[in-house]
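Heads up: the structure comes next, in structure tokens.
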Amino acid sequence: MAMQNWPNGLVLPSGVFLLSFVLAISVILVTVTALVITSKRLVNDINTAHNTSGYLVDFLLPSNSQDRVPFAAGQNPFAILYQHYRFVIDGPGLINKGYVRFKQGLFEIPRTFRFGQVILCKPELIEGLRTTRSAVASPEPWIDQVKCPPTVHLLLQISHVMPGYFPKGGGWPAIAKTTPGVIRGTVYKELDRYIPSMDQAILSQFHTLQFNDDECSVGCFDFAYSIVARSGSFAMVGSQLSQNEEYLKAVKDHILGMIMTTRVQFLVPDCLKRARYIGGFISHLATLGTRWDMHASRKILLKHFNARAAEYRDEMASEELNHQPRPEDMHKPVEIFRWLYESSVLRQRWSYSEVIGEMLLLQFAFIYTTAYGLYGALAELARRPEYITPLREEVETILTELGPTVAACDRMILLDSFLKECQRLHPPAAVSAHRVCVTPLQLSNGITLKPGTHVGVPSGVIQRSSEYYENPEAFDGFRFVKRAAAGAKDSRFVDLSPEYLVFGMGVHACPGRWMASALMKLVFAHILTRWNVFLPGSSQGPVTGSLSFEEFYVPNFGLKIGLRRRK
Ligand code: HEM
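The working numbering numbers the first residue of the sequence shown as 435 and each following residue consecutively.
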């Protein structure tokens, strides 16, 4: 009886249906119109006379590419809508399209309800951006901290994803300006001091593997991510926490939670997010109930950070009493957290919340990027067993002579080339060197970009371009050793060059690349000396690069690799 009755409960008067339908269509129309209008309003004008047009004119008139930086795939409202859709699900594809059309110039990509981003393609324009001072074009994460047009919002969505950590509206915080220099001065210059413990951390992570009949199958991304989280945490917070499983899990979950939350925030209009509580509410909702719950893992991280900071306070008090560092600390490498914390307490350069905010950002900059690089390289090695023997011969010879040291890593030139080729084909994102114009930026082609314009370079497509690489789509693990032998400069993994932009360019290029390189080489060296690597099963879908969200590639979390003990 109940079964017969309940459908009747769903019968609504046809007027309500009609109203709901009209309402839904109106919402869609308003959203679509808002998307087109905001895209057109935010686009960078070349000819300032165009600024005088109103919203309606903006919406109705197809923009003239002589007045404005052209969109990648057309200027009319339908083309703009298509590009919004395409960019969200396949950013690299849209960027490729723009690059093909505007190789000798620049183009713009629309981002949902946010700024468009001007993509510089012509080498001279890219070179101009590389040499531009930070006061004119500031690094990207601080876009919403810069006093630019309020519509401009940053890639990391710091105001919404990490509210309260950095002073609002204060621009690029001093702490973030200082950390790259600290990393160059400590992590890079004293890399040798970090290596023994990081090496140990890699081996401890290997001990968690479970072999069955001399074989073991692991999720490739998770394996790479866990190794880097453990060894990277040593450099950031010291040996004790780098062995703490609760902390390590929270680090990994928090980074992925932050990425997910940022992506959800991307799709929400700024005006909504700026309304009180809404941005925070969306942040809470974005990962709630998933294993990457950003807020739950942040709570755990904060607990551990506070405990570690209390230990630093004790150590600092004891050092002050004895007027020198404790003997057991004399040869320890600098812990990034300790350095930031000490500067906050002793020199009052920044607040504790800024220290924590910077740590959370650094975890992302350090751990996710390096894990992604390692993941791509391990997946390629599993697919290409022909590289195992030459790489193994190289690492075994060098490790026997030098042990796990920076000097040893520097000598591994075949491995260096292999890793660089993997990153050339599998960068974490299709755009690099994000900058935002703080003042008007005059480009060499006469165009002036207005303050607030987000700029970047299409690194993914450049790294697969036949203008820079012979047979660019083919994987050649020894491509870069061959190039070096033929006299090419800047062929090492850590070298920056116009055709290899994985680490960015100019003064803001990644200061952690030497650390990333050493870490990845040590992991490879240990794996190659112990195991053969293979792809278990026949087909496991793409290695990397087929899935994307905006310009970011998403790792294939389902991809497994096999490790087989050497006979
Ligand atoms: C394979 C691993 C890595 C990749 C692909 C990578 C990539 C990048 C890229 C593309 C940038 C922006 C460069 C630009 O805007 O021109 C960057 C900046 C940065 N990276 Fe890395 N990174 C990696 C590893 C690391 C590590 C291990 C650390 C820490 C030890 C680190 C710390 C930083 C910092 C602090 C910045 C900001 C630099 C600035 O604003 O001046 N990165 N990284």
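The beta carbon of each residue, even a glycine, is placed where N, CA and C say it ideally should be.
Exercise. Cα separation between G449 and T465?
Worked result: 24 Å
Exercise. Cβ atoms of L528 and A507: under 8 Å apart, would you say?
Worked result: The answer is yes: Cβ separation under 8 Å.
Exercise. Excluding the five sequence neighbours on either side, which residues of its own chain have a C-beta within less than 7 Å of the C-beta of L453, listed in chain order?
Worked result: none
For this session: Mark Q639 as exposed unless 16 or more other C-beta atoms lie within 10 angstroms of its C-beta, in which case mark it buried.
Result: buried
Problem set entry | Burial state of I553, where buried means 16 or more other Cβ atoms lie within 10 Å | Classification of I553: buried, given that the 10 Å Cβ count is 16 or more.
Problem set entry | T963, buried or exposed, once every other Cβ within 10 Å from all chains shown has been counted against 16 | With fewer than 16 other Cβ atoms from the protein chains shown falling within 10 Å of its own Cβ, T963 counts as exposed.
Problem set entry | Limits of the beta strand (DSSP E) - the one that I553 falls within | Q551 to L554
For this session: Answer yes or no: do Y987 and L993 have a C-beta to C-beta separation smaller than 8 Å?
Result: no
Exercise. For V621, is the beta carbon positioned less than 7 Å from some heavy atom of ligand 1?
Worked result: yes
For this session: Verify the contact flag: T566, CB atom, against every heavy atom of ligand 1, threshold strictly below 7 Å.
Result: Outside the cutoff, so no.
Exercise. Measuring from the CB of T613, is there a heavy atom of ligand 1 at a distance below 7 Å?
Worked result: yes
For this session: Could you tell me which uninterrupted alpha helix (DSSP H) segments, each at least 4 residues in length, are contained entirely in the segment 612-693, listed from first to last along the chain?
Result: 625-641 and 654-671
For this session: Can you grab the Cα-Cα spacing for the pair E776 / P767, in whole Å?
Result: 15 Å
Exercise. Do H942 and Q551 have their C-beta atoms closer together than 8 Å?
Worked result: Contact: no.
Exercise. Just to check, is the beta-carbon of M846 closer than 7 Å to a non-hydrogen atom of ligand 1?
Worked result: no
For this session: In angstroms with no decimal places, state the Cα-to-Cα distance between L382 and I543.
Result: The chain is shown only over 435 to 1001; residue 382 falls outside these bounds and no answer can be derived.
Problem set entry | G672 versus R1000 - alpha carbon distance | 33 Å
For this session: Report the rounded CA-to-CA distance for D1030 versus H641, giving the unit in angstroms.
Result: Residue 1030 is absent from the model: the chain starts at 435 and stops at 1001.
For this session: Please check the pair L808 and V685, which I expect to be a contact at CB under 8 Å, by giving their CB distance rounded to whole angstroms.
Result: About 16 Å separates the two Cβ atoms, so there is no contact after all.
For this session: Report the three-state DSSP secondary structure of F451 (helix, strand or coil).
Result: helix
Problem set entry | Nearest to D1003 (by Cα), restricted to the options T839, Y599 and V967 | The chain is shown only over 435 to 1001; residue 1003 falls outside these bounds and no answer can be derived.
Exercise. A388 and I995: beta carbons closer than 8 Å?
Worked result: Outside the displayed range of the chain (435 to 1001) lies residue 388, so it cannot be described from this structure.
Exercise. Does ligand 1 have a heavy atom nearer than 7 Å to the CB of L796?
Worked result: yes
Exercise. If you draw a straight line from the C-alpha of S651 to the C-alpha of H960, how long is it?
Worked result: 17 Å
Problem set entry | Distance CB(G791)-CB(Y622) smaller than 8 Å | no
Exercise. How should K916 be labelled, buried or exposed, when 16 other C-beta atoms within 10 angstroms of its C-beta is the threshold for buried?
Worked result: exposed
Exercise. So does R627 have its beta carbon nearer than 7 Å to some heavy atom of ligand 1?
Worked result: no
For this session: Report back the beta-carbon spacing between E907 and R913 to the nearest angstrom; my notes put them in contact at under 8 Å.
Result: Rounded, the Cβ-Cβ distance is 12 Å, inconsistent with contact.
Problem set entry | Simplified DSSP state of I560, which is helix, strand or coil | helix
Exercise. For E649, which residues of its own chain have a beta-carbon under 8 Å away from its beta-carbon, when the five flanking residues on both sides are left out?
Worked result: The residues are G996, L997, R998 and R999.
For this session: Going by CA-CA distance only, name the one from R869, C944 and E558 that's closest to R567.
Result: R869
Exercise. By DSSP, does C871 sit in helix, in strand, or in coil?
Worked result: strand
Exercise. In its own chain, which residues sit with a C-beta less than 6 Å from the C-beta of P584, not counting the 5 before and 5 after it?
Worked result: No answer about P584 holds up, because its pLDDT of 43 lies below 50 and its placement is not dependable.
Exercise. How is the alpha helix (DSSP H) around L540 delimited, first residue to last?
Worked result: No alpha helix (DSSP H) holds L540; the beta strand (DSSP E) holding it covers L540 to I543.
Problem set entry | Helix, strand or coil at Q876 according to DSSP, with G and I counted as helix | strand
Problem set entry | DSSP three-state assignment for L815, whether helix, strand or coil | Correct three-state label for L815: helix.
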